[in-house]
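Before any comments, here is the structure.
In our numbering, the protein residues as written are 3 to 169.
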């Protein structure tokens with residue numbers, strides 16, 4: 003395998019917003035960039051007519067993770083069955099990613115640290131230590147954190163989870 007190719011890369015199917023979405027995401031995350039844009043040639047597809055020169059795919063990196071965005075047409079839509087987790091070290095990071103990713107998204111889809119962005123992609127904006135807290139061998143600690151998390155109406159409050167953890 004080519005050492006410059008990531009073995010597994012998420013491929014995101016958009017109707018016609020692949021480039022807009024990729025530019026939006028790279029504007030939010032550090033160490034991020036668009037690495038390649040592929041355009042349609044003169045080929046024609048009976049299922050999804052395309053204009054010659056229009057964007058077919060956009061390859062981009064977010065924090066070193068490679069993604070591909072495809073303008074595949076309106077046949078498929080994102081669901082909450084797949085989401086991207088953003089592990090945050092502080093409440094400031096949680097606030098930042100929540101605001102930037104949630105801007106223009108579905109407010110009804112914001113619960114327990116989950117949100118849906120303006121393109122319909124689901125994200126989980128969570129504290130980096132959440133997994134450690136909810137899997138703690140001290141079941142009382144873990145259960146208090148899970149209870150606090152499940153009471154979260156939208157964005158996670160790190161201090162509330164830490165207070166629940168400490169008891």
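Even glycine gets a Cβ: it sits at the ideal position worked out from N, Cα and C.
What residues in its chain sit with their C-beta under 7 Å from that of residue i, if we drop five residues either side in the sequence?
| i | result |
| --- | --- |
| residue 91 | 130 |
| residue 60 | 20, 21, 24, 36, 39, 71 |
| residue 108 | 118 |
| residue 152 | 114 |
Could you check the C-alpha separation between residue i and residue j for me, to the nearest Å?
| i | j | result |
| --- | --- | --- |
| residue 87 | residue 118 | 12 Å |
| residue 116 | residue 148 | 15 Å |
| residue 163 | residue 112 | 18 Å |
| residue 82 | residue 132 | 20 Å |
| residue 127 | residue 138 | 20 Å |
| residue 106 | residue 55 | 29 Å |
| residue 8 | residue 67 | 8 Å |
| residue 76 | residue 125 | 21 Å |
| residue 104 | residue 32 | 17 Å |
Under 7 Å, do residue i and residue j count as touching if we go by C-beta distance?
| i | j | result |
| --- | --- | --- |
| residue 135 | residue 99 | no |
| residue 41 | residue 52 | no |
Spell out whether any CB of chain B is found under 7 Å from the CB atom of residue i.
| i | result |
| --- | --- |
| residue 116 | No chain B is present in this structure, which holds just one protein chain. |
Excluding the 5 residues preceding and the 5 following residue i in the sequence, name in chain order all residues of the same chain whose CB lies nearer than 8 Å to its CB.
| i | result |
| --- | --- |
| residue 159 | 93 |
| residue 34 | 27, 28, 62, 63, 64, 65 |
| residue 16 | 23, 71, 72, 73, 74, 121 |
| residue 144 | 135, 136, 137, 138 |
Spatial neighbours of residue i within its chain, please: C-beta separation below 6 Å, excluding the five flanking residues on both sides.
| i | result |
| --- | --- |
| residue 154 | 114 |
| residue 123 | 80 |
| residue 150 | 162, 163, 166 |
| residue 89 | 130 |
| residue 78 | 15 |
| residue 2 | Because the chain is modelled from 3 through 169, residue 2 falls outside the range shown and cannot be assessed. |
Contact defined as beta carbons within less than 8 Å: I believe residue i pairs with residue j. What is the distance between those atoms, to the nearest angstrom?
| i | j | result |
| --- | --- | --- |
| residue 73 | residue 13 | Not quite, the Cβ-Cβ distance comes to about 12 Å (not below 8 Å), so this is no contact. |
| residue 11 | residue 69 | 6 Å |
| residue 110 | residue 30 | In fact, because the Cβ distance is near 22 Å, the residues do not count as touching under 8 Å. |
| residue 96 | residue 157 | 6 Å |
| residue 146 | residue 169 | 6 Å |
To test your reading of the DSSP string, which unbroken beta strand (DSSP E) runs of 3 or more residues are found completely within the segment 23-86? Within the segment 23-86, the complete beta strand (DSSP E) runs of at least 3 residues are 35-41, 57-64, 67-73.
Please specify which runs of the beta strand (DSSP E), each continuous and at least 3 residues long, are wholly inside the segment 96-146, giving them in chain order. For the segment 96-146, the full-length beta strand (DSSP E) segments reaching 3 residues or more read 108-113, 116-118, 124-129 along the chain.
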